[in-house]
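Here the structure comes first, spelled out in structure tokens, and everything after it is commentary.
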Amino acid sequence: EQAYRCWLQYETILNKQEEAHYWSYVQTISLQKETLIGQAIKRELNLAVESMFGKTSTWQEDAQLVLTTVADKARLRKHGINQEEIAELNEEGYIIKEKDNQLIVVGASEKGLLYGVFHLLRLISQKQSLTDLTIQDAPQNQIRMLNQWDNIDGSIERGYSGQSIFYSNGTVTTDEKRLTDYARLLASVGINAISINNVNVWKEETHLISERYLTDVQRLEEIFQSYGVTVYLSINFASPIELGHLDTADPLDAGVQQWWKEKVAEIYSYMPRFGGFVVKADSEHRPGPFTYERDHADGANLLADALSPYNGMVIWRCFVYNCMQDWRDRKTDRARAAYDHFVPLDGRFRDNVVLQIKNGPMDFQVREPVSPLFGALQQTNQLLEFQITQEYLGQQKDLCYLVPMWKEVLQFDTKVQGEGSTVQSIVNGSLYQAKISGIAAVANSGDEQSWTGHTLAQANLFGYGRLTWNADLTAEEILHEWIVLTFGHEEKLKRVLSEMLLASWSIYENYTTPLGIGWMVNPNHHYGVNVDGYEYSRWGTYHFADREGLGVDRTRESGTAFVDQYAKENADRFNALDQCPDDLLLFFHHVPYTHRLKNGKTVIQHYYDSHFEGVTDVEWLISEWQSLKSLIDPYRYKNVAERLQLQLSNAREWRDQVNTYFLRKSGIPDADGRKMYE
Ligand code: BDP
11 EQAYRCWLQY
21 ETILNKQEEA
31 HYWSYVQTIS
41 LQKETLIGQA
51 IKRELNLAVE
61 SMFGKTSTWQ
71 EDAQLVLTTV
81 ADKARLRKHG
91 INQEEIAELN
101 EEGYIIKEKD
111 NQLIVVGASE
121 KGLLYGVFHL
131 LRLISQKQSL
141 TDLTIQDAPQ
151 NQIRMLNQWD
161 NIDGSIERGY
171 SGQSIFYSNG
181 TVTTDEKRLT
191 DYARLLASVG
201 INAISINNVN
211 VWKEETHLIS
221 ERYLTDVQRL
231 EEIFQSYGVT
241 VYLSINFASP
251 IELGHLDTAD
261 PLDAGVQQWW
271 KEKVAEIYSY
281 MPRFGGFVVK
291 ADSEHRPGPF
301 TYERDHADGA
311 NLLADALSPY
321 NGMVIWRCFV
331 YNCMQDWRDR
341 KTDRARAAYD
351 HFVPLDGRFR
361 DNVVLQIKNG
371 PMDFQVREPV
381 SPLFGALQQT
391 NQLLEFQITQ
401 EYLGQQKDLC
411 YLVPMWKEVL
421 QFDTKVQGEG
431 STVQSIVNGS
441 LYQAKISGIA
451 AVANSGDEQS
461 WTGHTLAQAN
471 LFGYGRLTWN
481 ADLTAEEILH
491 EWIVLTFGHE
501 EKLKRVLSEM
511 LLASWSIYEN
521 YTTPLGIGWM
531 VNPNHHYGVN
541 VDGYEYSRWG
551 TYHFADREGL
561 GVDRTRESGT
571 AFVDQYAKEN
581 ADRFNALDQC
591 PDDLLLFFHH
601 VPYTHRLKNG
611 KTVIQHYYDS
621 HFEGVTDVEW
631 LISEWQSLKS
641 LIDPYRYKNV
651 AERLQLQLSN
661 AREWRDQVNT
671 YFLRKSGIPD
681 ADGRKMYE
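Every position in the sequence shown, counted from 1, becomes a number in full-length UniProt numbering once 10 is added.
Rendered as structure tokens:
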């Protein structure tokens with residue numbers, strides 16, 4: 011039960027004083043309209059009040075808690091809220107104000123009101139006093155999206171939390187309770203968009219936009235819509251051929267254009283508030299405009315024209331590279347691909363196209379530099395793409411709290427318009443006055459009791475929502491909120507859990523691939539170590555270790571010149587061996603094993619040390635968790651305890667293989683003479 015409820019525990023309030031304080035506000039509630047979202051608000055409050063107080067609120071016209079929107083001018087006046095306060099909010103914002111034992115929540119829209127109510131419930135769960143409260147809040151990023159990589163057979167691509175809650179055995183689910191609870195979780199942290207099928211669209215999934223499925227998709231859409239979450243579908247670029255039986259999907263072909271227009275009209279006849287399409291084209295064997303010698307602006311604009319009468323959007327992914335490259339040609343660099351494909355097209359996309367760009371130039375490794383597309387694209391709408399599901403980060407067996415990594419990405423200064431041209435300022439639309447912008451992320455949820463497999467991985471879903479709402483929150487602040495909402499107020503619990511989670515990313519990095527090299531994973535499933543697993547394959551993901559050294563030379567003098575995709579200042583910094591940050595050293599440079607890092611250690615010694623440390627740190631995680639046993643319910647305790655054991659074997663395996671491999675390659679022994687498995 012607790013695992014299922016995540017951060018919406020709504021624990022019974024036992025303290026009499028606290029109970030009296032909060033009850034005085036929620037005993038009577040007024041809500042003007044009973045629209046879809048209005049009903050969701052009412053449902054949530056009833057559920058929360060019942061669970062926290064064991065009694066029910068009375069819904070009446072004159073009440074202690076007033077829920078309303080800006081449209082209700084008379085009531086705002088009555089509560090002394092002036093127009094200026096409201097005018098500062100965007101349409102998803104809200105005000106919460108307490109005066110004389112009356113509480114009012116005003117949404118700039120109904121959605122804003124919904125977010126305001128969740129905020130209020132969060133305050134109560136955190137035991138914050140409501141007396142004299144004034145809160146004015148609105149999201150910083152416009153689109154805050156989840157990408158489900160769910161397939162109709164019920165499997166989830168890169169899913170580590172069981173099966174899909176959207177589909178099973180070739181049909182759309184009928185478990186509306188579970189979907190509603192998911193929508194609640196998302197809305198409670200401000201997520202406002204979701205694409206409900208895998209970006210790799212083929213076979214049956216292609217039919218999701220056809221009559222066969224649209225009635226079912228509409229059912230799901232309504233659930234999410236009632237929590238302010240707009241639904242999108244991933245589509246197959248070759249749909250005109252596969253569904254429409256045309257002989258081409260050429261974006262400049264009039265028949266193809268007509269086909270998409272009719273298709274989009276059909277979709278909107280089912281779902282007038284449908285969001286639009288997510289498209290992975292010409293990538294990893296998916297079809298796309300290249301087949302017809304057209305470029306990606308042609309491809310995206312084709313769909314954009316069909317969607318624009320309905321204000322629909324095309325979310326076009328930039329994860330385009332040649333996955334069949336010749337690995338012997340060291341000049342081909344996969345990291346360059348997205349920039350090389352898309353920068354020449356800057357300015358050619360329609361207003362309702364938004365390019366979705368992975369945070370790094372490769373693929374969600376434990377540490378990558380920020381994608382140079384951020385900053386380079388100046389006349390194109392952009393969405394940043396994160397991966398919440400831990401494909402390369404321990405697959406929800408290993409613990410890895412991701413908010414600190416995401417913060418680094420958002421704070422990275424691209425310098426394209428001088429100091430302060432951060433990624434956040436691009437994705438919130440301010441730097442280039444973008445019409446559409448925001449953040450998307452691959453979800454980590456499934457049908458397991460805890461939603462995320464590893465109970466502590468709930469922190470990443472929660473954290474993603476909170477951070478995309480407000481990028482100024484620190485990783486610590488978000489974590490503390492999450493711990494209290496999920497596990498309660500016990501001091502020891504708060505301290506230990508936050509130490510564990512805040513250390514977890516760097517622990518994972520230490521026993522896997524520190525210094526920015528990445529990969530070395532088992533091919534295909536990507537869990538666990540395999541140092542040369544991808545080294546001689548066509549995927550473009552290499553470490554180039556030889557007897558002298560390791561790392562990828564991406565410098566302008568002797569390497570792939572990838573560095574020059576960044577603004578000059580960053581390019582020069584990454585390019586210069588003595589200025590490149592150590593944690594990205596091997597991403598940009600091929601160095602001898604004896605190269606000295608800024609901490610004075612050689613690269614090889616750092617590799618040995620960090621791998622030994624990583625394992626010791628996992629042992630520390632285990633003993634920390636054990637110290638919490640009496641403070642956590644048995645289900646969640648066991649769930650995490652078991653996974654920590656898996657993490658320990660994984661970490662040992664990484665340590666032993668990586669250390670042995672580099673000992674053999676380099677012939678340089680560990681300075682501390684520790685045992686290696688030669
Ligand atoms: C990679 C995954 C692959 C995805 C691809 C993508 O291994 O399953 O299809 O990204 O983002 O990380 O399209």
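Even glycine gets a Cβ: it sits at the ideal position worked out from N, Cα and C.
For the 9 Å CB-CB criterion, residue 388 and residue 356 form a contact. Residue pairing from DSSP places residue 203 in a beta bridge opposite 155, 240. Rounded to whole angstroms, the Cβ separation of residue 246 and residue 212 is 6 Å, and the two are in contact under 8 Å.
According to the DSSP assignment, residue 106 belongs to no alpha helix (DSSP H) but to the beta strand (DSSP E) extending over 104 to 109. Secondary structure at residue 681: coil, using DSSP grouped into helix, strand and coil. Between residue 400 and residue 410, the C-beta gap is smaller than 9 Å, which places the two residues in contact.
Runs of alpha helix (DSSP H) with 4 or more residues, each lying fully within the segment 535 to 592, are found at 578 to 585, listed in chain order. The alpha-carbon separation between residue 622 and residue 521 amounts to approximately 7 Å.
Counting the other Cβ atoms within 10 Å of the Cβ of residue 660 gives 16 or more, which makes it buried.
Contact between residue 127 and residue 233 does not hold, since the beta-carbon distance rounds to 18 Å and is not under 8 Å. Considering only 352, 413, 527, the residue with the shortest C-alpha distance to residue 474 is 413. The DSSP-derived three-state label of residue 395 is strand. Apart from sequence neighbours up to five positions away, no residue of its chain approaches residue 221 with a beta-carbon distance below 6 Å. A direct Cα-Cα distance of roughly 12 Å separates residue 588 from residue 598. Short note on residue 455: C-beta not closer than 8 Å to any heavy atom of the ligand BDP.
By the Cβ rule, the segment 224 to 241 counts as touching the segment 177 to 187, because three or more pairs are nearer than 8 Å.
Within a 10 Å sphere around the beta-carbon of residue 460 sit 16 or more other beta-carbons, which makes this residue buried.
Annotation for residue 247: no alpha helix (DSSP H) segment contains it, and DSSP assigns it neither H nor E. Residue 12 has its alpha-carbon roughly 10 Å from the corresponding atom of residue 20.
Within the model, the alpha-carbon separation for residue 266 versus residue 258 is close to 7 Å. Following the DSSP letters along the chain, one finds residue 93 inside the alpha helix (DSSP H) bounded by residues 93 to 97. When secondary structure is reduced to three states using DSSP, residue 113 falls in the strand class. The residues 548, in chain order, have a CB closer than 7 Å to that of residue 334 in the same chain once the five nearest residues on each side in sequence are set aside. In this structure, residue 335 has its beta carbon at no less than 8 Å from each heavy atom of the ligand BDP.
Rounded to the nearest whole angstrom, the CA to CA distance from residue 379 to residue 370 is 6 Å.
Short note on residue 532: C-beta not closer than 8 Å to any heavy atom of the ligand BDP.
Apart from the 5 residues on each side of it in sequence, residue 331 sits with its Cβ closer than 6 Å to the Cβ of 344, 347 in its chain, given in chain order. Relative to the ligand BDP, residue 373 has its C-beta within less than 8 Å of a heavy atom. The beta carbon of residue 96 lies closer than 6 Å to those of 80 in the same chain, with the five residues before and after it left out. The alpha-carbon separation between residue 462 and residue 470 amounts to approximately 9 Å. Set against 8 Å, the gap from the CB of residue 536 to the closest heavy atom of the ligand BDP is smaller.
A direct Cα-to-Cα measurement between residue 552 and residue 396 gives close to 22 Å.
Taken from the Cβ of residue 213, every heavy atom of the ligand BDP lies 8 Å or farther away.
The beta carbon of residue 293 sits closer than 8 Å to at least one heavy atom of the ligand BDP.
Residue 273 holds the alpha-carbon nearest to the alpha-carbon of residue 312 among 329, 341, 273.
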